[in-house]
Structures are given as structure tokens and as C-alpha cells.
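J.: This structure is in C-alpha cells; I'll ask about it shortly.
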Amino acid sequence: MRKIFILTVAAVILAAASAQAGSLGKPCTSAPEAQWLPMGQLQAKVEAQGYKVQKAKLKNACGELYTLDKNGHRVELFVDPTNGQIIGQM
846 MRKIFILTVA
856 AVILAAASAQ
866 AGSLGKPCTS
876 APEAQWLPMG
886 QLQAKVEAQG
896 YKVQKAKLKN
906 ACGELYTLDK
916 NGHRVELFVD
926 PTNGQIIGQM
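With this note's numbering, the residue at position 14 of the sequence shown is 859, and numbering never jumps.
So, in C-alpha cells, the structure goes:
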């Protein structure tokens, strides 16, 4: 029982750490919303890099794009909404 508890706690810690790492644990930009690109332009910039966008949203000053990479693997991308630069991924 103790081993299961330890493994569960370790899994939760790893999941939290990877979520923070994906968006670097901070907003992708400090620029005001007036300087952000429209979501369509962010999607186009990501798709130009070979990803297929399935879903996209803005959260915590980051574009969160749920995509498929060139090999068909699911990848969540964190994108700077001012220029479309990929900041992190999970």
C-alpha cells in the first residue's frame, strides 16, 4: 500500500512539473491584448511549421493550440500571441 501511495504522489508531481514546463510556468507575453494577433493568424503560423491545429484558445497570455505534428502525434503548443513563436510544448 505504501508503494502505491509513493508512486501516485510521484506521478502527480511529475504531471504538475510537465504542465509548468510546457508554458514555462508564466505568461507567454506581457504585451497588451491590443498587440496580439488574431487566433486565425496564430493558427496559420503554427500550421506553416507543419502542425495541424485541432483546437485553439487563449489562456494566461498564451495561445494554447492542440495540434497534430507531421507524424500524427498529439502535441499541445504554447504560442506567444504577439508573433506566433512557439514558447513550449507538451
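We put the beta carbon where it would ideally sit given N, CA and C, even for glycine.
Since we're looking at a predicted model, the values are computed, not measured.
1) Give me whichever residues DSSP pairs with residue 911 in a beta bridge.
2) For a quick check, are the C-beta atoms of residue 882 and residue 898 less than 7 Å apart?
3) Can you tell me whether DSSP reads residue 885 as helix, strand or coil?
4) Specify the secondary structure class of residue 934 as computed by DSSP and reduced to three states.
5) Find the nearest neighbour of residue 890 within the set 919, 879, 925, judged by alpha-carbon distance.
6) Is it true that the CB of residue 912 sits closer than 7 Å to the CB of residue 874?
7) Which same chain residues end up closer than 7 Å to residue 900 when comparing Cβ atoms and leaving out the 5 residues on each side of it in sequence?
8) Take residue 903 as the anchor and find which of 887, 935, 920, 870 has the nearest alpha-carbon.
T.: Quick answer:
1) On the sequence shown, position 66 is the one that residue 911 refers to. Its beta-bridge partners are 900, 921.
2) On the sequence shown, residue 882 is found 37 positions in, with the first residue counted as 1. On the sequence shown, residue 898 is found 53 positions in, with the first residue counted as 1. Cβ atoms of residue 882 and residue 898: not closer than 7 Å.
3) Stepping through the sequence shown from its first residue, residue 885 is reached at position 40. Three-state DSSP puts residue 885 in a helix.
4) Taking the sequence shown and counting its residues from 1, the one referred to as residue 934 is at position 89. Residue 934: strand per DSSP, three-state reduction.
5) Sequence index remark: in the sequence shown, residue 890 carries index 45 (1-based). Minimum Cα distance to residue 890 is reached at 925.
6) Mapped onto the sequence shown, residue 874 falls at position 29. Mapped onto the sequence shown, residue 912 falls at position 67. Cβ atoms of residue 874 and residue 912: not closer than 7 Å.
7) Walking along the sequence shown from the start, residue 900 turns up at place 55. Contacts found: 911.
8) Start at 1 with the first residue of the sequence shown, and residue 903 comes out as number 58. The residue with the shortest Cα to Cα distance from residue 903 is 887.
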